[in-house]
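J.: I have a structure here, written as structure tokens, and I will follow up with some questions on it.
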Ligand code: PSU
Ligand code: MN
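Numbering (the working numbering), first residue to last: 62 to 364.
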């Protein structure tokens, strides 16, 4: 295993000292935000995790290794190159074997975090069941990973580029708990609410930590979604974002976008159509997820 994984100095030290660690994905850096905001945000997110008592571990594929924790130079390299592959479960071995640059999705980040013994992961939003999936079968590998890999994902729910109702159904079938942090309903990324209730509400991170420990003690394999709404001050007007998403979806259809390109295409369109306002919201919610993720990791490590 050592031949494939390289832990940063900081992550190694945290592990030795039994300190809480929070995993971070890199698709959001390479395919979710433009340079240089992506690198700046990634650094700020790492610092928020440190300020809240945990150690950040940004995960990516570089030099034929799964890197768990990146140096400043590696972060820069990842955020400022245009030949970085989007890596999900199926892509991981090929990218490592051929020593290409890869940014990990939620699914791949969960796999790598688990290999490194990290069980809390903070990000923006998860992939899910796409609208029209009953004919396209476009269902993110993130959901299958949540079904089997023991990592909890702190996120702002999922964007309504997806079918949130079908996403909730899929998670239910796979036995993945969706825990609302201080919310009764699934947040929809840019907005704090959706019409779909979460499975459980928890108003403090201690309750979530205890639930996760119980799940894994009982050998109920798989992760959990910790759904944390975007802070009120940064939320976007619902009618505006709904209209933008409709436009993005119809353009994707017109252009016959398919496979792994669908999500990045929709994300970029939404950003373009909101004149960057969606980017501000995106940055704010990721930072808040990092804070809650760090607090949760601290609580879990204490159990
Ligand atoms: N949703 C977002 N922002 C993102 C992603 C999803 O709001 O950056 C990224 C994540 O890395 C997620 C991936 O794991 O897209 C899902 O891609 P797909 O739908 O192709 O599985
Ligand atoms: Mn897909």
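All C-beta atoms, glycine included, are put in the ideal place defined by N, C-alpha and C.
Could you say if the region 283–297 and the region 203–223 meet the contact criterion of at least three C-beta pairs nearer than 8 Å?
T.: Yes, the region 283–297 is in contact with the region 203–223.
J.: Going by alpha carbons, who is nearest to residue 64 out of 230, 336, 160 and 267?
T.: Sequence index remark: in the chain shown, residue 64 carries index 3 (1-based). Here the closest residue by C-alpha is 160.
J.: Looking at residue 152 and residue 163, is the spacing between their C-beta atoms short of 9 Å?
T.: Within the chain shown, residue 163 is the residue found at index 102, counting from 1. Within the chain shown, residue 152 is the residue found at index 91, counting from 1. Yes, they are a contact pair.
J.: Can you list, in chain order, the residues of its chain whose CB lies under 7 Å from that of residue 192, leaving out five sequence neighbours each side?
T.: Sequence index remark: in the chain shown, residue 192 carries index 131 (1-based). Within the same chain, residue 192 has close Cβ partners 223, 224 and 310.
J.: Taking residue 149 and residue 169 to be in contact with their CB atoms under 8 Å, please state how far apart those CB atoms are, rounded to whole angstroms.
T.: Residue mapping note: residue 149 aligns to position 88 of the chain shown, counting from 1. Residue mapping note: residue 169 aligns to position 108 of the chain shown, counting from 1. Indeed, because the Cβ distance is near 5 Å, the residues count as touching under 8 Å.
J.: Considering only residues of the region 258–307, which uninterrupted alpha helix (DSSP H) runs meet the minimum length of 4 residues and lie entirely inside it, listed in chain order?
T.: Listed in chain order, they are 266–278.
J.: By the DSSP assignment, the alpha helix (DSSP H) with residue 154 in it spans what residues?
T.: Taking the chain shown and counting its residues from 1, one reaches residue 154 at position 93. Per DSSP, residue 154 belongs to the alpha helix (DSSP H) from 153–158.
J.: Ordered along the chain, which non-local residues of its own chain (more than five positions away) have a Cβ less than 6 Å from that of residue 201?
T.: Translated into positions along the chain shown, residue 201 becomes position 140. The residues are 188 and 189.
J.: Using a 10 Å radius around the Cβ and a threshold of 16 neighbouring Cβ atoms, would you call residue 155 buried or exposed?
T.: Working through the chain shown from its first residue, we reach residue 155 at position 94. When all chains shown are included, residue 155 counts as exposed.
J.: How many angstroms separate the CA atom of residue 342 from the CA atom of residue 74?
T.: Taking the chain shown and counting its residues from 1, the one referred to as residue 342 is at position 281. Taking the chain shown and counting its residues from 1, the one referred to as residue 74 is at position 13. Near 33 Å, if we compare the C-alpha coordinates of residue 74 and residue 342.
J.: Under a three-way DSSP split, which group does residue 72 fall into?
T.: Position 11 of the chain shown holds residue 72. Correct three-state label for residue 72: helix.
J.: By the three-class DSSP mapping on this structure, what secondary structure does residue 217 have?
T.: Residue 217 sits at position 156 when you count from the first residue of the chain shown. Of the three classes helix, strand and coil, the one that applies to residue 217 here is coil, per DSSP.
J.: Just to confirm my understanding: we take residue 356, look at its own chain, exclude 5 residues before and 5 after, and list those with CB closer than 7 Å. What are they?
T.: Taking the first residue of the chain shown as 1, we reach residue 356 at position 295. Only 113 and 266 meet the Cβ criterion.
J.: State yes or no: is the C-beta of residue 168 nearer than 8 Å to some heavy atom of the ligand PSU?
T.: By 1-based counting over the chain shown, the position of residue 168 is 107. Yes.
J.: Is the beta carbon of residue 186 sitting closer than 9 Å to the one on residue 250?
T.: Walking along the chain shown from the start, residue 186 turns up at place 125. Walking along the chain shown from the start, residue 250 turns up at place 189. Going by C-beta atoms, residue 186 is nearer than 9 Å to residue 250.
J.: Does the region 169–184 touch the region 326–342, meaning 3 or more C-beta pairs lie closer than 8 Å?
T.: No: fewer than three Cβ pairs fall under 8 Å.
J.: Can you list, in chain order, the residues of its chain whose CB lies under 7 Å from that of residue 102, leaving out five sequence neighbours each side?
T.: Locating residue 102 in the chain shown gives position 41, counting from the first residue. Result list for residue 102: 94, 344 and 347, in chain order.
J.: Is it a yes or a no for the region 231–248 touching the region 300–308, going by three-plus beta-carbon pairs under 8 Å?
T.: No: the two stretches stay apart, fewer than three of their Cβ pairs being nearer than 8 Å.
J.: Would you list the residues sitting across from residue 191 in a DSSP beta bridge?
T.: Translated into the one-based positions of the chain shown, residue 191 becomes position 130. BP columns for residue 191 point to 223.
J.: From residue 279 to residue 337, what distance separates their C-alpha atoms?
T.: Working through the chain shown from its first residue, we reach residue 279 at position 218. Working through the chain shown from its first residue, we reach residue 337 at position 276. About 45 Å.
J.: Between which two residues does the alpha helix (DSSP H) harbouring residue 147 extend?
T.: Counting from one through the chain shown, the residue named residue 147 turns up at place 86. Unbroken run through residue 147 is the beta strand (DSSP E), 146–148; no alpha helix (DSSP H).
J.: Going by the C-beta, is residue 182 closer than 8 Å to any heavy atom of the ligand PSU?
T.: By 1-based counting over the chain shown, the position of residue 182 is 121. No, the beta carbon of residue 182 sits no closer than 8 Å to any heavy atom of the ligand PSU.
J.: Near residue 262, which residues of its chain fall below 6 Å by C-beta distance, leaving aside the five closest residues on each side in sequence?
T.: Taking the first residue of the chain shown as position 1, residue 262 is located at position 201. Closer than 6 Å at the Cβ level, and outside the excluded window around residue 262, lie 241 and 245.
J.: Quick one: what's residue 239 bridged to in DSSP?
T.: Walking along the chain shown from the start, residue 239 turns up at place 178. DSSP lists 286 as partners of residue 239.
J.: Taking the straight line between their C-alpha atoms, what separation do you get for residue 359 and residue 235?
T.: Counting from 1 along the chain shown, the entry for residue 359 is found at position 298. Counting from 1 along the chain shown, the entry for residue 235 is found at position 174. Distance between the alpha carbons of residue 359 and residue 235: 27 Å.
J.: Can you grab the Cα-Cα spacing for the pair residue 324 / residue 145, in whole Å?
T.: For the purposes of this step, residue 324 is taken as residue 263 along the chain shown, with counting starting at 1. For the purposes of this step, residue 145 is taken as residue 84 along the chain shown, with counting starting at 1. Their backbone Cα atoms lie some 16 Å apart in a straight line.
J.: I think residue 231 touches residue 204, with their Cβ atoms under 8 Å apart; what is that distance to the nearest whole Å?
T.: As a working note, residue 231 is residue 170 in the chain shown. As a working note, residue 204 is residue 143 in the chain shown. Going by Cβ atoms, the distance from residue 231 to residue 204 rounds to 5 Å, so yes, they are a contact pair.
J.: Thinking C-alpha only, which one of 90, 260, 312 and 194 is nearest residue 143?
T.: Walking along the chain shown from the start, residue 143 turns up at place 82. When each option's Cα is compared against that of residue 143, the closest is 90.
J.: For a test of the three-state rule: what should DSSP assign to residue 80, helix, strand or coil?
T.: Here residue 80 refers to the residue found at position 19 when the chain shown is read from its first residue. Coil at residue 80, not helix or strand.
J.: Quick one: Cα of residue 138 to Cα of residue 194, how far?
T.: Reading the chain shown from its first residue, position 77 is the one you call residue 138. Reading the chain shown from its first residue, position 133 is the one you call residue 194. If you take the alpha carbons of residue 138 and residue 194, they lie about 35 Å apart.
J.: Let me check understanding here. Comparing Cα to Cα, which of 362, 316, 218 and 85 lies closest to residue 106?
T.: To locate residue 106, count along the chain shown from 1; it is residue 45. Residue 106 has its Cα closest to that of 85, out of 362, 316, 218 and 85.
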